Each structure stands twice: as C-alpha cells, then as structure tokens.
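Residue numbers (the numbering used here): -13 to 94.
The beta-carbon is built from N, C-alpha and C at its ideal position, and this holds for glycine as well.
Predicted model, so just to flag it, every value in this text is computed and none were measured.
Have a look at the structure below before the remarks.
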C-alpha cells in the first residue's frame, strides 16, 4: 500500500489531503540527490507541468523544460530558471517531426 493511497481514496479538489509534487519529492528523500541526472519535461507553460518542474528542481537534476510559449513559461517558472541547471526549450509536441529534431540536438 502506498503512503498516499488513503489521501487519494476520496479526492475533494484543491486543498484536500492529497500531497503536492513538492511534498512527494520531500517524502521520498530525493531533495538534492539527483544531481547527475537529466530530466526532460514537456508542457511547462501552464498547469501541472509548472508544478512538476518546481518539484523536480528541488532534486538537483538538470532540467530541460519544453513549452510551446516561452513567454508564458518564463513568467510561470520565475524563480527556478537557474542557468546551467534549468534550460527552457521552445517546442510544440503536437508536431512529431519537431519533437524528433529537438531530442536530437539536446546536449548529453
């Protein structure tokens, strides 16, 4: 049984007992422990992508965040865009050819 199973049994919307992504990172003890990892995350201009990026930033991993609107993403991600650790890439994943091209040019 997951430590979060009971919290998800009867969701009541925002503000209920379900953990946030940041809380999960803290509970799992991975703050600052993924420094040798690279994570690519799509959809970072709104919604769950932003909150996921904020949580993953706490892990110390290098983040490559994609968004279809760089202006919206920059505004939404204010405070976690750290040079060398978090990179923002404009990419609309609706176009699969563009996705393949972007994945080829992302440095290791």
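Practice prompt. Count the C-beta pairs between the region 21 to 37 and the region 51 to 59 that are closer than 8 Å, then say yes if the count reaches three, no if not.
Written response: Counting C-beta pairs with one atom in each stretch, the region 21 to 37 and the region 51 to 59 have three or more that are closer than 8 Å, which means they touch.
Fill in: Cβ-based neighbour list, residue -10, same chain, cut-off 8 Å, excluding 5 preceding and 5 following
Against the chain shown, residue -10 aligns to sequence position 4. Within the same chain, and ignoring the five residues on either side of residue -10 in sequence, the residues whose Cβ sits closer than 8 Å to its Cβ are 4, 5 and 10.
Practice prompt. Within its chain, find whatever has a CB closer than 7 Å to the CB of residue 8; leave out the 5 residues flanking it on each side and keep chain order.
Written response: Sequence index remark: in the chain shown, residue 8 carries index 22 (1-based). In its chain, beyond the 5 residues on either side, 40, 41 and 44 have a beta carbon closer than 7 Å to the beta carbon of residue 8.
Discussion item. In whole angstroms, give me the CA-to-CA distance for residue 64 and residue -3.
Written reply: Position 78 of the chain shown, counting from 1, holds the residue named residue 64. Position 11 of the chain shown, counting from 1, holds the residue named residue -3. Distance between the alpha carbons of residue 64 and residue -3: 29 Å.
Discussion item. What would DSSP say about residue 41, mapped onto helix, strand or coil?
Written reply: Walking along the chain shown from the start, residue 41 turns up at place 55. Secondary structure at residue 41: helix, using DSSP grouped into helix, strand and coil.
Discussion item. For the beta strand (DSSP E) containing residue 72, name the first residue and the last one.
Written reply: Start at 1 with the first residue of the chain shown, and residue 72 comes out as number 86. Residues 72 to 76.
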